[in-house]
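In my numbering, the protein residues as written are 84 to 350. Glycine is no exception: its CB is placed at the ideal position from the N, C-alpha and C atoms. Written below as structure tokens is the structure these notes are about.
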Amino acid sequence: MIVSPSKLPSVEAAIERIQEEAADELMPRASQLFVPPFPRKLDDLGLHPHFLADLTLKAAALEAEPTTSRIAERLHLGILLTDQILEVLCRDHLLEKRGVIGLHNHRFNMLDRGWEAVARLMKANSYCGPAPVSLSAYTEMVVQQVRSRPTVTQHALENAMTKLILSPAAKQVLGLVASSGRSLFLSGPPGNGKTEMARALVDAVEGNIWIPYALEVDGQVIQLFDQHNHNAVPPGVAEYDGRWVKIRPPLIAAGGELQIENLDLCQ
């Protein structure tokens with residue numbers, strides 16, 4: 084991309100305008116720490132009760148000695164909510180209580196009817212990890228985070244591009260795109276620095292983001308968190324929805340080996 088020197092002042096003015104608009108939008112949220120709220124009721128989870136019961140039963144089947152605390156840890160749910168779901172499974176004669184460990188923490192045993200249900204459930208959906216979030220909750224969270232994220236400053240962009248040899252015009256254009264929050268398409272022959280420029284743009288974005296471990300869509304689970312590509316960071320708060328994880332904005336690079344089939348969902 085070639086930008087004439089006469090165009091630089093207008094680009095700089097555009098960057099300043101975008102930063103000012105972003106700062107104005109952030110003012111009401113400046114004193115608020117954006118954190119997924121801790122769910123205190125089953126309705127707060129946004130999931131169908133039958134889906135929660137099935138997932139909890141599969142989690143109990145994976146434990147050598149199922150307890151409320153162990154199952155809650157596996158599902159990333161609060162112990163009180165987990166105990167409520169387990170009570171339902173006991174009433175349906177899928178589990179039975181074997182003793183009390185502590186407040187809202189019981190020891191359970193799988194019944195024959197429970198094992199039969201697990202075998203049926205695993206054929207339909209073998210996922211048994213952290214409880215997912217609904218698609219609508221994920222969409223709302225993404226929108227709020229995009230609106231409340233800090234703007235990319237010219238100083239941060241300069242620091243991220245210290246290893247790159249770019250013209251001032253190219254840096255100004257990249258800064259404009261990074262601050263706008265819009266998509267950017269980098270094209271050119273192999274070896275012209277596209278990947279490094281993309282990496283620099285990611286490094287210039289300040290702050291972290293929250294993503295869910297998994298999504299629930301029409302009863303199916305889509306795993307989102309990937310420990311190979313997502314770097315988890317400390318949440319910085321004591322109480323939050325454990326179904327979410329705080330990460331650094333990732334950079335996913337793919338070459339010519341990426342085929343359209345690789346983008347399909349699979350188990």
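So what's residue i in DSSP terms, helix, strand or just coil?
i	result
residue 340	coil
residue 304	strand
residue 112	Its pLDDT being 42, under 50, residue 112 is placed unreliably in this model, and the coordinates cannot settle the point.
residue 132	helix
residue 150	strand
residue 197	helix
residue 164	helix
residue 118	coil
residue 298	strand
residue 288	coil
residue 219	helix
residue 142	helix
residue 246	coil
residue 329	strand
residue 315	strand
residue 240	helix
Out of the options, which has the shortest C-alpha to C-alpha gap to residue i?
i	options	result
residue 306	255, 288, 284 and 212	212
residue 214	198, 338 and 302	302
residue 282	231, 297 and 331	331
residue 195	203, 188 and 189	203
residue 191	152, 320 and 242	152
residue 280	225, 248 and 223	248
residue 123	117, 163 and 132	163
residue 263	245, 284 and 277	284
residue 228	260, 131 and 119	119
residue 274	309, 256, 294 and 338	338
residue 145	201, 348, 300 and 125	201
residue 125	258, 245 and 216	216
Locate the alpha helix (DSSP H) running through residue i, then write down its first and last residues.
i	result
residue 189	Not the alpha helix (DSSP H): residue 189 falls in the beta strand (DSSP E), residues 188-193.
residue 258	251-263
Need the endpoints of the beta strand (DSSP E) that residue i sits in, please.
i	result
residue 179	178-185
Could you round the C-beta distance between residue i and residue j to whole angstroms and report it? I think they count as a contact, below 8 Å.
i	j	result
residue 139	residue 168	5 Å
residue 362	residue 193	Lying before the first or after the last residue shown, residue 362 is absent from the chain, which here runs from 84 to 350.
residue 232	residue 290	6 Å
residue 312	residue 335	6 Å
residue 304	residue 208	6 Å
residue 133	residue 166	Not a contact, Cβ separation roughly 18 Å.
residue 254	residue 269	So it is not a contact: roughly 14 Å between Cβ atoms.
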